[in-house]
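Inspection log for the structure reproduced underneath, given as structure tokens.
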Amino acid sequence: MSFERAVVFLWAASARNRVLHQVRRLRQPKYLVGAMVGALYVYSLLLRRLGYQQDWAVVPPTARLFSEFMLGTAMLGTLLSAWALGPDRPALSFSETEVQHLFPAPVSRRELLHFKLARGLGGAAVGALAATVFVSRVLTPHPMLFFLGTTVTLATVSLHVTAASFMRTRLARLGTSGTLVRWVLLTAGCALLIGAAMRALSHHPLPEEGWDPLVMRQWVLALSTSPALWPGRALVALPLAQDLGTFLRRLPLGLGLLAVHYVWVMKAAVPFEESAVGRAEERARVREQWAQRGGRSMPPRMSAPPFRLTAVGRPEVAILWKNLIAGRRTGSVGRLVVAALLGGVVAMAASGESPGDALAQISGFLSPMCGGFAVLLSFFGPSAMRMDLRMDLPRLEQLRALPLTGRQVVAAELAAPALLLGAVQVGLVLVAVGGSVWREEGWNELWVALGLGAVCLLPAVTLGGLFVQNAAVVLFPAWLPPEGERVRGLEAIGQRLLTLVGTLVVLLVGMLPAAFLASVVGFGLYQLLDAGVWALPFAGFTAALVLVTEVALGIVALGHAFDQLDVSVEGTGVTS
Numbered sequence: 039m040s041f042e043r044a045v046v047f048l049w050a051a052s053a054r055n056r057v058l059h060q061v062r063r064l065r066q067p068k069y070l071v072g073a074m075v076g077a078l079y080v081y082s083l084l085l086r087r088l089g090y091q092q093d094w095a096v097v098p099p100t101a102r103l104f105s106e107f108m109l110g111t112a113m114l115g116t117l118l119s120a121w122a123l124g125p126d127r128p129a130l131s132f133s134e135t136e137v138q139h140l141f142p143a144p145v146s147r148r149e150l151l152h153f154k155l156a157r158g159l160g161g162a163a164v165g166a167l168a169a170t171v172f173v174s175r176v177l178t179p180h181p182m183l184f185f186l187g188t189t190v191t192l193a194t195v196s197l198h199v200t201a202a203s204f205m206r207t208r209l210a211r212l213g214t215s216g217t218l219v220r221w222v223l224l225t226a227g228c229a230l231l232i233g234a235a236m237r238a239l240s241h242h243p244l245p246e247e248g249w250d251p252l253v254m255r256q257w258v259l260a261l262s263t264s265p266a267l268w269p270g271r272a273l274v275a276l277p278l279a280q281d282l283g284t285f286l287r288r289l290p291l292g293l294g295l296l297a298v299h300y301v302w303v304m305k306a307a308v309p310f311e312e313s314a315v316g317r318a319e320e321r322a323r324v325r326e327q328w329a330q331r332g333g334r335s336m337p338p339r340m341s342a343p344p345f346r347l348t349a350v351g352r353p354e355v356a357i358l359w360k361n362l363i364a365g366r367r368t369g370s371v372g373r374l375v376v377a378a379l380l381g382g383v384v385a386m387a388a389s390g391e392s393p394g395d396a397l398a399q400i401s402g403f404l405s406p407m408c409g410g411f412a413v414l415l416s417f418f419g420p421s422a423m424r425m426d427l428r429m430d431l432p433r434l435e436q437l438r439a440l441p442l443t444g445r446q447v448v449a450a451e452l453a454a455p456a457l458l459l460g461a462v463q464v465g466l467v468l469v470a471v472g473g474s475v476w477r478e479e480g481w482n483e484l485w486v487a488l489g490l491g492a493v494c495l496l497p498a499v500t501l502g503g504l505f506v507q508n509a510a511v512v513l514f515p516a517w518l519p520p521e522g523e524r525v526r527g528l529e530a531i532g533q534r535l536l537t538l539v540g541t542l543v544v545l546l547v548g549m550l551p552a553a554f555l556a557s558v559v560g561f562g563l564y565q566l567l568d569a570g571v572w573a574l575p576f577a578g579f580t581a582a583l584v585l586v587t588e589v590a591l592g593i594v595a596l597g598h599a600f601d602q603l604d605v606s607v608e609g610t611g612v613t614s
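All residue numbers for the sequence shown refer to the numbering used here, where the first residue is 39 and numbers rise by one.
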């Protein structure tokens, strides 16, 4: 069998096995329903993207110009990053199967390189198809021309990245002199780009006050036509052709760049077998570590326990203690909030002309940002903080061995994420109220009243969201992916959509009684007792009390379901 036939057989067998694996999974109801919903979602999404000609007419020319400029700049940034970032080794990766079957075979290095380049061309076509579906209607009325041009462009960029890795490997072998040459060239390229931007800015200076779209358009036009941006402009010229004639005129340049890069790759090729084997072993090691960590991409950080766990006490506290430690080790939500706030504070402080101006800028940024984060955490925080039954359900037998009823287990599992998210929300609300009171003079009572109501209501809404997430795990345990496994495909899209929609619907239905009673209490205090804005905290407390009561009743019912839960027979899709 020739190498070409062997490669075709390998690709066909891999595709067949992947399809068979997906089909076998559809025998399980959890995957079948998810696949149906995912297919319907993708189908409806694609249908909305088919109105190319109609959508083209409503795209403003300025928006189209900025889109073309950003695409060219992104391409140029990709070319520069191929020389500046990453290790100095060939950027060719082979799977474990390819390493095992192709490397020991009587195959030349040139044939292996052609194999990877063919794979890269297929990846470019897939990327071009995705770009055509989601982007092309904003840029061109001809999706087929856009697809063909984008395929050529992405294939050229892929070849450039490969050739750059070969050249970096060659320069690294020269030692200090090679590294110096590489960074001198990069510095010169960056200097050309900065010089082009400054030259365009000198000819079209931005207004000191206000925003002038015409001046910004002129600056973008001047920068786009600069010789320094020619590589990026040349790469995006073919997919952005507005008609067939323009496409045919630009096609020789696009194919010429592709051919030049192909010759460059073949001439600059260096031995890559050892690097490819190392990459395959590294990926295998990462997958093994991923499975051992239960699906976490990073190893858990060692941290001090939140409090000392005594030998005598309520057993539920042990679960709370364990989950609090897990939450502190994986505290991605807290780190994300802190990073966003710090970035905004630094930016606002840098824009201030005096300390008082800087404080005003920071306060004006923090108040709405913290308030918005606090509200968003009520809806997205329960999905992100998973140190509850979603984390512990694979260890069901260990939970059953504890001297706890199902109600106690469910309550203890909910406690840790509820406390962590609630503490973050209370802190954010206090910062938002403090900043608003400091900046405003006539609305202080309103901000304080809103803050007190939010302090009561938002943690209760978060608790309701956590309860819905954990109830779905107990009632539909088959939808929980196996520990350490990333589920992909249409079924995964459908499962996530159903989970999201179900969570929102159940949460909204549960909030109806709370909203009704809160309205009655707030309206009564406002009208009968003339409480004014101070009716808001009582309304928020009433709504929170109703939500907490609903969750408490739900925990009792969910505890009975947990006592009867048997994961081994849930959703297997196999009948004996």
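For glycine and all other residues, C-beta sits at the position ideal for the given N, C-alpha and C.
Because the structure is a prediction, the values reported are computed rather than measured.
### Beta-carbon proximity list for Leu192, same chain, < 7 Å, skipping 5 on both sides
Here the question's residue 192 lines up with position 154 in the sequence shown. Taken in chain order, the residues that qualify are Ala162, Gly165 and Ala166.
### Query
If you compare alpha carbons, which of Gly578, Val493, Phe514 and Leu123 is closest to Val558?
One-based indexing of the sequence shown puts residue 558 at position 520. When each option's Cα is compared against that of Val558, the closest is Gly578.
### Message
Give me the residue from Gln565, Arg433, Phe576 and Arg424 with the minimum Cα distance to Leu488.
### Response
Sequence index remark: in the sequence shown, residue 488 carries index 450 (1-based). The shortest C-alpha separation from Leu488 is found at Phe576.
### Query
Quick one, are the C-beta atoms of Gly473 and Leu404 less than 7 Å apart?
Walking along the sequence shown from the start, residue 473 turns up at place 435. Walking along the sequence shown from the start, residue 404 turns up at place 366. Yes. Within cutoff.
### Alpha carbon of Phe141 to alpha carbon of Phe41, nearest angstrom
In the sequence shown, residue 141 corresponds to position 103, counting from 1. In the sequence shown, residue 41 corresponds to position 3, counting from 1. Near 12 Å, if we compare the C-alpha coordinates of Phe41 and Phe141.
### Message
Assuming Val199 is part of the alpha helix (DSSP H), what are its boundary residues?
### Response
Looking up residue 199 in the sequence shown gives position 161. Segment Pro181 to Arg211, the alpha helix (DSSP H) holding Val199.
### Task
Taking Val448 and Ile593 to be in contact with their CB atoms under 8 Å, please state how far apart those CB atoms are, rounded to whole angstroms.
Looking up residue 448 in the sequence shown gives position 410. Looking up residue 593 in the sequence shown gives position 555. Indeed, because the Cβ distance is near 5 Å, the residues count as touching under 8 Å.
### Query
Where Leu252 and Val413 are concerned, what is the direct C-alpha to C-alpha distance, given to the nearest angstrom?
As a working note, residue 252 is residue 214 in the sequence shown. As a working note, residue 413 is residue 375 in the sequence shown. Rounded to the nearest angstrom, the two C-alpha atoms are 38 Å apart.
### Query
Mind checking Thr170: buried by the 16 CB within 10 Å criterion, or exposed?
Within the sequence shown, numbered from 1, the residue matching residue 170 stands at position 132. Buried.
### Query
Comparing alpha-carbon positions, which option in Leu536, Asp430 and Ser416 lies nearest Ala492?
Against the sequence shown, residue 492 aligns to sequence position 454. Ranking the options by Cα distance to Ala492, first place goes to Ser416.
### Query
Could you give the distance in angstroms between the alpha-carbon of Leu224 and the alpha-carbon of Pro269?
As a working mapping, residue 224 is identified with position 186 in the sequence shown. As a working mapping, residue 269 is identified with position 231 in the sequence shown. Their backbone Cα atoms lie some 14 Å apart in a straight line.
### Query
When you compare each of Ala552, Gly532 and Gly597 to Pro67 by their alpha carbons, which one comes out closest?
As a working note, residue 67 is residue 29 in the sequence shown. When each option's Cα is compared against that of Pro67, the closest is Gly532.
#### Entry: C-alpha distance - Arg428 paired with Val511, whole-angstrom precision
If you number the sequence shown from 1, residue 428 lands on position 390. If you number the sequence shown from 1, residue 511 lands on position 473. Cα atoms of Arg428 and Val511: separation of roughly 6 Å, rounded to the nearest angstrom.
### Element boundaries [alpha helix (DSSP H), containing Gln66]
By one-based count along the sequence shown, residue 66 stands at place 28. It is not in any alpha helix (DSSP H) - Gln66 carries neither H nor E in the DSSP assignment.
### Query
So, helix, strand or coil for Leu440, using DSSP?
Position 402 of the sequence shown holds residue 440. The answer is coil: DSSP assigns Leu440 none of H, G, I, E or B.
### Query
Applying the criterion that 16 or more other CB atoms from any shown protein chain within 10 Å of the CB defines a buried residue, is Gly365 buried or exposed?
The residue given as residue 365 occupies position 327 in the sequence shown. Classification of Gly365: buried, given that the 10 Å Cβ count is 16 or more.
### Query
Which of the three DSSP states, helix, strand or coil, is assigned to Gln280?
On the sequence shown, position 242 is the one that residue 280 refers to. Reduced to three states, the DSSP call for Gln280 is coil.
### Message
On a Cα-Cα basis, can you pick out the residue from Ala279, Trp49, Leu261 and Tyr300 that is closest to Arg148?
### Response
Translated into the one-based positions of the sequence shown, residue 148 becomes position 110. When each option's Cα is compared against that of Arg148, the closest is Tyr300.
### Message
Going by DSSP in three states, Thr587 sits in which element: helix, strand or coil?
### Response
Residue numbering aside, residue 587 sits at position 549 when the sequence shown is read from its first letter. Three-state DSSP puts Thr587 in a helix.
### Query
Helix, strand or coil: how does DSSP classify Leu501 here?
In the sequence shown, the residue the question calls residue 501 occupies position 463. Helix, per DSSP.
### Query
Which residues bound the alpha helix (DSSP H) around Phe153?
Here residue 153 is taken as the residue at index 115 of the sequence shown, counted from 1. Per DSSP, Phe153 belongs to the alpha helix (DSSP H) from Arg147 to Phe172.
### Message
Beta-carbon within less than 6 Å of Ala450's beta-carbon, same chain only, minus the 5 sequence neighbours each way: which residues are those?
### Response
In the sequence shown, residue 450 corresponds to position 412, counting from 1. Cβ neighbours of Ala450 beyond the five flanking positions: Glu354, Ile357 and Leu358.
#### Entry: Inside the segment 413 to 498 only - alpha helix (DSSP H) runs reaching at least 4 residues
427 to 430, 434 to 439 and 444 to 477
### Task
Below 6 Å CB to CB, which residues in the same chain sit around Cys408 once its five sequence neighbours on both sides are set aside?
Locating residue 408 in the sequence shown gives position 370, where the first residue counts as 1. Excluding residues within five positions, the ones whose Cβ falls inside 6 Å are Leu466, Val469 and Ala470.
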